[in-house]
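Here's the structure we're looking at; comments come further down.
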Amino acid sequence: MTAINLNGSRRPLAAGQTLTDLVAEVTGRQFTADGLPADGARLGVAVARNSEVVPRRSWSATVLAEGDDIEILNAVQGG
């Protein structure tokens with residue numbers, strides 16, 4: 087079975103799955119090709135692939151591969 091590591095857990099990988107597909111699946115939201123939420127609302131999420139941050143505009147062009155280590159991080163306000 088083809089799989090990736092998502093936030094430290096193994097997850098099955100569909101052929102041709104992109105970062106946009108994965109983030110949409112995890113967040114339950116739809117995105118434009120530029121990685122912006124289709125509903126126009128804010129999204130406090132950053133994505134790293136194999137320890138490198140992937141800009142939102144590159145999510146749709148980033149096809150996931152076997153063994154990729156993906157971290158999806160939510161921005162949290164602190165104080």
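Here the sequence shown stands for residues 87 to 165, where the numbers follow the numbering used here. Just so it is clear, CB atoms sit at the ideal spot from N, CA and C, and this is done for glycine as well.
- Here D155 carries a strand assignment [DSSP, helix/strand/coil].
- For the pair N160 and G130, the CB atoms are nearer than the 8 Å cut-off.
- Classified as exposed, R128 has fewer than 16 neighbouring CB atoms from the shown chains inside 10 Å of its CB.
- Put simply, the backbone Cα of R135 is about 23 Å away from that of A124.
- Between the C-alpha atoms of D120 and R143 there is a straight-line separation of about 4 Å.
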